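Asker:
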Amino acid sequence: MTETLRVELGDRAYDIRIGAGLIGKAGAEIAPLLARARVAVVSDENVAALHLDSLKAGLNAAGIEMVSLILPAGESTKAWPQFERTVEWLLAQKIERRDVVVAFGGGVIGDLVGFAASVLRRGVRFVQIPTSLLAQVDSSVGGKTGINAPQGKNLIGAFHQPALVLADTAVLGTLTQRDFLAGYGEVIKYGMLGDLGFFEWLEINGPALAAGDMALRAEAVRRSCQAKADIVARDETEQGDRALLNLGHTFCHALEAATDYSDRLLHGEGVAIGCALAFEVSSRLGLCSQEDPSRVRAHLRAMGTKVDLSDIEGDLPDADTLIDLMGQDKKVMDGQINYIMARGIGQAFVTSDVDANVVKTVLKEALASR
C-alpha cells in the first residue's frame, strides 16, 4: 500500500509518496512531471550498486530514458569538488529548465543534487528518491539543500523544494544496521521535539522496528514525514517553528566537524548524541526534570544507537574547541548560538538564553567519561 502526504506550499506544494516498491514504479510516478521522456539521475556508488538497475527498469517501463552520474559515497562528497562535477555534468547532458533531475540516495546525495538543481539555469525541478532512513524521514522533505564548507556543515546552500518525494520503504531492508540506527536518530527527534505520543509509540515499537518489521518502519516514516511536512508548511525558510527540527543539531554539527565529517560519526548518530546533550543541558538549566534526559538516553541505549561522546572512536577536542565549532553553526544570530532546549519530552523550544558555562560543564563531563 502506498500512502500520500502533501506538503502544502501553495504553487510549490508537492506529494510525498510512501510505500514498498516505489522504485520499480518510478516511471509512472515521475512521468506526469516530464516535458520530455528523459531524466538525469545522480546517485552514489553504494546505492547505484544495489538499486540503479531497478530504477532504470522502473523508468524504462514508462518509456523514460535515464542518464546517470555516480558519485563517491560518504559525507566528504558533500563539498565543492563533487558539486562542481555534478553541475557541469548536468550542463553536459543538456538538462533544460523544463527537465527533471533525480536525487537517488541518502542525505548527502539529496542535499547536493537539490542544490545543484537550484542553481542550474537558475533553477530546475528535481525529484527526491531517498534510500536511507535518515533521508526518508528528514532530509528529502522540506527543500533544504546545500553542501559543507571547511568552516562548518551546510553553510552553502539554498531552499529549493522538490517536485516529488518517493520513499520506497522496501529499500530500508538493504541498509546496514548501523545506517538504519543512524537514521533512527532523526525519527526519535520528532517525538522529542513535539510529540510525546510518538516518543511513547517508539519506546514500545522501536526494537521490532529495528529488527525489521516493515509495517512499523513504514508507519515511523509516515509519522515523521507528516510531522516535518506540517512544520515546513508553517515555516518554509526557518523564521520560527522550523528551527525546532534542529534539536540536537548544534551539538551534532560541532561533533561532525571535530571528526572531519568521517565515518567515525554518521550524521544521525550525531543527532542522537546531540539530543541527549540538549536534554542534559535543559535539565541542568532547570527547564525539565532529570528523568527526561535519563529516559531519552535509556531509549537510545535500548535501540543500540550512539548516545554518549564515549561512543565516538578516536580523539575529540576539548570543550572550548567544541563550543567554538558550535559557534560556526548556521543558526548563530548576532554572534549568539540559538539552542533548541526542552521543557520536557515533546516540548522543545528555541532560545539563545543559555548559560555557556552550563554547556561547557556538560561537555567537560561527557569528555571526561570517555
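With my numbering applied, the sequence shown has no gaps in its numbers, which climb one by one up to 1231 at the end. We put the beta carbon where it would ideally sit given N, CA and C, even for glycine. From a predicted model like this one, the values you see are computed outputs, not experimental measurements.
Assuming Gly871 contacts Gly1055 (C-beta within less than 8 Å), just tell me the rounded distance between them.
Answerer: Not confirmed; about 24 Å, so no contact.
Asker: Please report the residue range of the alpha helix (DSSP H) in which Leu930 lies.
Answerer: Element bounds for Leu930: not the alpha helix (DSSP H) but the beta strand (DSSP E), 926-932.
Asker: Taking the C-alpha atoms as reference points, what is the distance between Phe1041 and Val980?
Answerer: 31 Å
Asker: Short of 7 Å in beta carbon distance, which residues of its chain neighbour Arg1103, apart from the five on each side in sequence? Order them along the chain.
Answerer: Ile1092, Val1093, Asp1096
Asker: Measuring alpha carbon to alpha carbon, tell me which residue in Val1082, Ala1043, Gly1073, Thr1037 is nearest Phe1232.
Answerer: In this structure the chain extends from 862 to 1231, so residue 1232 is not present and cannot be described.
Asker: The alpha helix (DSSP H) with Ser1143 in it runs from where to where?
Answerer: Taken as a continuous stretch (DSSP letters only), the alpha helix (DSSP H) holding Ser1143 covers 1128-1145.
Asker: Please state if the CB of Arg1162 and the CB of Val1223 are separated by a distance shorter than 8 Å.
Answerer: no
Asker: Three-state secondary structure (DSSP) at Tyr1122?
Answerer: coil
Asker: Taking the beta carbon of Glu1174 as the centre, do at least 16 other beta carbons fall within 10 Å, making it buried, or is it exposed?
Answerer: Burial call: exposed.
Asker: Considering Cα atoms alone, identify which of His912, Gln1022, Ala918 is closest to Trp1002.
Answerer: Reading off the sequence, residue 1002 comes out as Val, not Trp. Cα-wise, what sits closest to Val1002 is Gln1022.
Asker: Could you tell me which uninterrupted beta strand (DSSP E) segments, each at least 3 residues in length, are contained entirely in the region 930-970, listed from first to last along the chain?
Answerer: 961-966
Asker: Please state whether DSSP places Thr1006 in a helix, a strand or coil.
Answerer: strand
Asker: Could you check whether the region 882-897 touches the region 1020-1039, counting it as contact only if at least three pairs of C-beta atoms, one from each stretch, sit closer than 8 Å?
Answerer: yes
Asker: Excluding sequence positions up to five away, which residues of its chain have a Cβ less than 8 Å from the Cβ of Ala1203?
Answerer: Met1053, Leu1054, Leu1108, Ala1139, Phe1140, Ser1143, Leu1148, Cys1149, Asp1153, Ala1209, Phe1210
Asker: According to the Cβ coordinates, are Phe965 and Ile990 closer than 8 Å?
Answerer: yes
Asker: Buried or exposed: which applies to Ser1230, given that a residue is buried once 16 or more other Cβ atoms fall within 10 Å of its Cβ?
Answerer: exposed
Asker: Taking just the CA atoms, how far does Ala1119 sit from Leu1016?
Answerer: 16 Å
Asker: Which value, in whole angstroms, describes the spacing of the CA atoms of Lys1167 and Ala953?
Answerer: So the alpha carbons of these two residues sit roughly 42 Å apart.
Asker: If distances are taken between C-alpha atoms only, which option among Ala1010, Met1164, Glu1117, Ala896 comes closest to Trp941?
Answerer: The shortest Cα separation from Trp941 among Ala1010, Met1164, Glu1117, Ala896 belongs to Ala1010.
Asker: If distances are taken between C-alpha atoms only, which option among Cys1113, Val1215, Leu1070 comes closest to Gly1165?
Answerer: For Gly1165, the nearest C-alpha among the options comes from Leu1070.
Asker: Taking the alpha-carbon positions, what's the Leu1126 to Leu1116 distance?
Answerer: 8 Å
Asker: Could you check if Asn1218 is buried or exposed, using at least 16 other CB atoms within 10 Å of its CB as the buried criterion?
Answerer: exposed
Asker: Which residue's Cα is closest to the Cα of Val903: Ala1079, Asn1066, Leu932, Lys917?
Answerer: Leu932
Asker: In chain order, what residues of the same chain lie with their CB nearer than 7 Å to the CB of Asn1066, ignoring the 5 residues before and after it?
Answerer: Leu1077
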